[in-house]
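A.B. asks:
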Amino acid sequence: MEKTAIVKEYSNGEIIVRWEPALCTHSGRCIHSLPAVFDVRRRPWIDMRGADTQTIIRVVESCPSGALTWRKAE
105 MEKTAIVKEY SNGEIIVRWE PALCTHSGRC IHSLPAVFDV RRRPWIDMRG ADTQTIIRVV
165 ESCPSGALTW RKAE
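First residue of the sequence shown: 105, per the numbering used here; consecutive thereafter.
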């Protein structure tokens, strides 16, 4: 039986950030770069209200594993 990959999505109305935990290498780049948005002690751990859209995009694009990606909200 095939396992279903867990995928979480978070939106601020402008963009949707997608997190695929199976790809995450836990480099910590996101939480160190933008702790107001990315905080593993909080649930949900991504709070899209913590920064402006362009700042979130910059940090998401720096994710070395590709576990974080983004797209424009529809």
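For every residue, glycine included, the Cβ atom is placed at its ideal position computed from N, Cα and C. The structure presented is a predicted model; accordingly, all values stated were derived computationally and were not measured.
For Leu172, which beta-bridge partners are listed by DSSP?
C.D. replies: As a position in the sequence shown, residue 172 is number 68, starting the count at 1. DSSP, once it has assigned bridges, lists Trp123 as partnering Leu172.
A.B. asks: May I ask you to report which of helix, strand or coil DSSP gives Ser166?
C.D. replies: By one-based count along the sequence shown, residue 166 stands at place 62. DSSP, reduced to helix, strand and coil, places Ser166 outside both helices and strands of the structure shown, so it counts as coil.
A.B. asks: Between Pro148 and Tyr114, how many whole angstroms is the CB-CB distance? I'm expecting something under 8 angstroms.
C.D. replies: In the sequence shown, residue 148 corresponds to position 44, counting from 1. In the sequence shown, residue 114 corresponds to position 10, counting from 1. Their Cβ separation, rounded to whole angstroms, is 7 angstroms, which keeps Pro148 and Tyr114 in contact under 8 angstroms.
A.B. asks: Examine the Cβ distances between the stretch 109 to 124 and the stretch 160 to 177 and report whether three or more of them are shorter than 8 angstroms.
C.D. replies: yes
A.B. asks: Determine the extent of the alpha helix (DSSP H) in which Ser137 is found, giving its start and end residues.
C.D. replies: Counting from 1 along the sequence shown, the entry for residue 137 is found at position 33. 133 to 137 is the span of the alpha helix (DSSP H), which, as asked, contains Ser137.
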